[in-house]
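In terms of our numbering, the sequence shown opens at residue 41 and continues consecutively. Glycine residues also receive a C-beta, built at the ideal position from the N, C-alpha and C atoms. Computed from a predicted model, the values in this text were never measured in an experiment.
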Amino acid sequence: MVHIAHRQGEPATSRCPRLAAVLTAVLLVALSLPGCLTGDGHSGSGDAAGAGEGDGVARGSASDEITIFSFDRRNYEQSDRVLQEIERQTDTKLNLLTGVWDDTQLDIMVATGEYPDVITIVDSEKSGRFNKWAKEGTIIPFSAELIAEFPHLQALFAEPQYQKLKLNGQFYGLPLKDEFPVGSAGQHVLVMRQDWLDALRLPAPQTLEELRDTLRAFKHGDPDGNGLDDTYGLIDAGLPTLVKNLMGAWGIPVDVRSSGFLQVGSGYEYWAIQPEVKEALAYVKSLYEEKLIVPDTLSMNSNIQVRSKFVEGRTGALFDNMNIEELIKKEEQLRRHIPAAELVELSALQGPRGERGYSVGSGYWGYTVITDKARNPRAVARLFDFLLSEEGRRLTLFGVPGLHYSEAGGEQEAGGQEVGGLPKKTTSQADAGDPSGRRYQLHQEERAKEIGFDPNNPGGFHELSWGLVSWTQMDSPTYLEFRTLTYPGFPDKYKTNMERVNRYLIEPAAYGLATPKWVSFKANSDELYTEYFNQIIMGRLDLEEGFATFVEKWLWSGGAEAMQEMSAAIAREEHRP
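Structure representation (structure tokens):
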């Protein structure tokens with residue numbers, strides 16, 4: 041079901057019944073789509089102690105009410121004291137609407153005219169949708185006047201990497217900053233079972249040929265030691281996706297964060313029609329013929345499906361998000377039945393001519409937008425500015441100071457007083473220090489009372505820490521110092537994996553740029569290369585003839601015109617100040 045946050049004692053549908061009806065209808069559509077992530081519908085561990093009347097949260101009628109849609113959230117019908125503290129700090133009342141992570145519902149909401157004040161995680165790759173909303177006035181700009189009083193918003197929009205995101209000189213979306221520093225790899229990297237490498241006494245592969253040899257060993261060398269022929273080398277979200285993820289070995293930068301265009305001569309062309317792709321198809325075809333790829337790869341189309349299969353423990357490698365928390369999560373799931381399981385993110389593989397690199401990321405993914413339904417856009421800006429502040433980040437990551445965590449010897453525990461109603465020492469606290477000599481304590485019993493501190497959240501942080509104004513900043517001192525509370529080795533794991541992943545990188549020609557003809561043709565392009573690449577890899581089409589036919593059909597069905605328009609647009613972007 042779609043969860044609608046509301047104040048205690050107030051019917052859930054009293055504020056926006058038509059929007060609730062639209063979201064329910066949308067969800068029925070989304071659930072019929074393959075690969076959708078459904079909301080978990082958990083009700084949590086009971087009402088938060090101390091919430092409600094007398095909790096000190098401002099609920100006056102003067103507070104600005106803001107309705108927000110965000111994918112894959114928990115059910116905030118019950119109290120959550122982190123949410124209440126955000127409301128108190130920003131003098132707002134927040135209604136959180138959620139649904140499955142499928143952006144089709146955004147189109148339906150806007151088409152019906154029943155959409156909220158704020159929409160988060162608007163896919164930055166769907167620039168046609170974003171530009172259309174801006175042109176039609178569905179979303180409003182973050183004008184200089186709107187953000188004049190808000191220094192954190194001003195600082196974000198002043199960052200150099202975002203200047204090309206303006207439309208007609210204005211920012212229409214708040215870019216959700218990536219977890220990693222600007223200049224890092226984009227998204228998908230090669231992840232491998234380090235414990236299998238150790239068991240077979242193999243080094244991490246550095247080249248395509250070494251990867252093939254490693255996958256053969258994973259398939260035939262009994263890496264799990266059970267004496268059965270039941271293991272595979274590699275899994276991915278479809279055979280064409282595997283081709284795409286390997287293109288860095290031919291010097292072609294392509295990733296979900298990039299446009300897929302690269303410079304060819306004096307112009308720009310799309311990755312899928314390059315002659316090097318034929319070599320990549322031949323390579324993946326050989327892996328397929330040797331049965332080194334998990335058969336389920338043929339029917340998979342999302343990372344969610346891939347991960348669930350991978351953590352069964354019978355596959356040695358996959359391409360996945362470089363997010364270190366995702367790496368740790370997969371590791372923990374494997375260790376439930378394989379205690380020695382260990383994962384590692386690898387550097388980009390070297391290809392036949394010595395080229396290698398992951399595609400450099402854009403530094404952001406997705407937007408949060410203010411719609412024309414917002415009654416007080418300045419109140420929304422005030423909320424965003426607080427969430428971007430250090431105080432806001434700490435609150436959404438770790439909770440209310442003195443209640444959900446405390447600093448030993450600091451203001452919250454001065455004189456040995458109780459903290460948030462808890463004695464100074466409880467069995468529910470996790471202690472850890474940081475280089476400055478400070479020592480922190482997490483109050484797990486209090487955290488467990490909040491719906492947002494879902495134990496399945498990566499790192500155990502509150503879920504409002506991601507997807508509203510940024511993704512969680514894993515390299516920030518705030519994140520690192522508190523992550524050691526639950527995973528003492530996190531800083532080292534983060535550093536070593538990031539160093540490997542960012543060792544070899546290739547700069548793409550463009551990121552979110554999409555011209556009208558390219559927007560119209562993109563779906564056809566995806567269908568064409570998916571169809572032809574599958575047929576070629578599975579041996580149903582000859583490699584040479586099949587690839588030539590694909591390129592020809594791609595060009596005459598609209599690709600040539602769309603690519604020419606994109607090439608001109610990228611050239612103009614390159615010359616913009």
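Cutoff 8 angstroms; reference tryptophan 511; Cβ partners in own chain excluding five residues on either side: Leu216, Lys217, Asp218, Glu219 and Trp405
Three CB pairs or more closer than 8 angstroms across the region 501-515 and the region 99-119: Yes: at least three Cβ pairs fall under 8 angstroms.
Methionine 578 burial status per 10 Å Cβ neighbour count (16 or more: buried): Methionine 578 should be labelled exposed.
The ligand MG heavy atom lying under 6 angstroms from the CB of leucine 268: The ligand content of the structure shown is nil, which means the ligand MG is not present either.
Span separating the alpha-carbon of histidine 483 from that of tryptophan 558: 52 angstroms
Burial state of isoleucine 344 (16 or more Cβ within 10 Å): Exposed: under 16 other Cβ atoms inside 10 Å.
Residue range of the beta strand (DSSP E) that includes glutamate 385: 383-385
Methionine 362 versus histidine 228 - alpha carbon distance: The alpha-carbon atoms of methionine 362 and histidine 228 are separated by roughly 6 angstroms.
Euclidean distance between Cα positions of alanine 259 and proline 528: According to the sequence displayed, residue 259 carries lysine and not alanine. The alpha-carbon atoms of lysine 259 and proline 528 are separated by roughly 34 angstroms.
6 angstroms CB neighbourhood of valine 296 in its chain, flanking five on each side removed: Gln227
Three-state secondary structure assigned by DSSP to methionine 340: In the structure shown, the three-state DSSP call for methionine 340 is coil.
Beta carbon proximity, leucine 383 to chain C, threshold 7 angstroms: The structure shown has no chain C; it contains just one protein chain.
N- and C-terminal bounds of the beta strand (DSSP E) containing methionine 362: Careful: methionine 362 lies outside any beta strand (DSSP E) and carries neither H nor E.
CA-to-CA distance, glycine 291 to leucine 389, given in whole angstroms: 10 angstroms
Minimum C-alpha distance to tyrosine 445 - residue among Val140, Glu521, Ser402 and Thr589: Glu521
Classification of glutamine 314 by the beta-carbon crowding that lies within 10 angstroms, buried from 16 upward: It counts as buried.
Counted within 10 angstroms of its Cβ, other Cβ atoms place glutamate 503 as buried (16 or more) or exposed: buried
Serine 597 to leucine 581 span [Cα, whole Å]: 20 angstroms
Burial state of arginine 241 (16 or more Cβ within 10 Å): exposed
Outcome for proline 156 when other beta-carbon atoms lying within 10 angstroms are tallied against a minimum of 16: buried
Those residues which DSSP pairs with aspartate 486 across a bridge: In the sequence as displayed, the identity of residue 486 is glutamate instead of aspartate. Answer by DSSP bridge pairing: none, since glutamate 486 is not bridged.
Boundaries (first-last residue) of the beta strand (DSSP E) holding histidine 34: Lying before the first or after the last residue shown, residue 34 is absent from the chain, which here runs from 41 to 617.
Where alanine 602 falls, given that 16 or more other Cβ within 10 Å makes a residue buried: buried
Pair within 7 angstroms by beta-carbon distance, serine 299 and leucine 136: no
Glutamate 125 burial status per 10 Å Cβ neighbour count (16 or more: buried): When all chains shown are included, glutamate 125 counts as buried.
Per-residue DSSP class, three states only, for alanine 563: helix
Residue environment, glutamine 513, which counts as buried when at least 16 other CB atoms sit within 10 Å: So glutamine 513 counts as buried.
C-alpha distance - lysine 489 paired with glutamate 447, whole-angstrom precision: 20 angstroms
Nearest residue (CA-CA) to leucine 321, options Tyr272, Leu248 and Lys535: Among Tyr272, Leu248 and Lys535, the Cα nearest to that of leucine 321 is on Leu248.
Alpha carbon of alanine 289 to alpha carbon of threonine 337, nearest angstrom: 21 angstroms
Residue environment, glutamate 539, which counts as buried when at least 16 other CB atoms sit within 10 Å: exposed
Candidates Glu485, Val541, Ser516 and Ala414: closest to glycine 442 by CA position: Glu485
6 angstroms Cβ shell around phenylalanine 590 - same chain, five flanking residues per side excluded: Taken in chain order, the residues that qualify are Tyr572.
Opening and closing residue of the beta strand (DSSP E) in which glutamine 303 lies: 301-304
Contact set for valine 420: own chain, Cβ-Cβ below 7 angstroms, skip 5 residues either direction: Ile106, Asp157, Val158, Ile410 and Ala414.
8 angstroms contact criterion, which valine 346 and leucine 358 should meet: CB distance rounded: 6 angstroms
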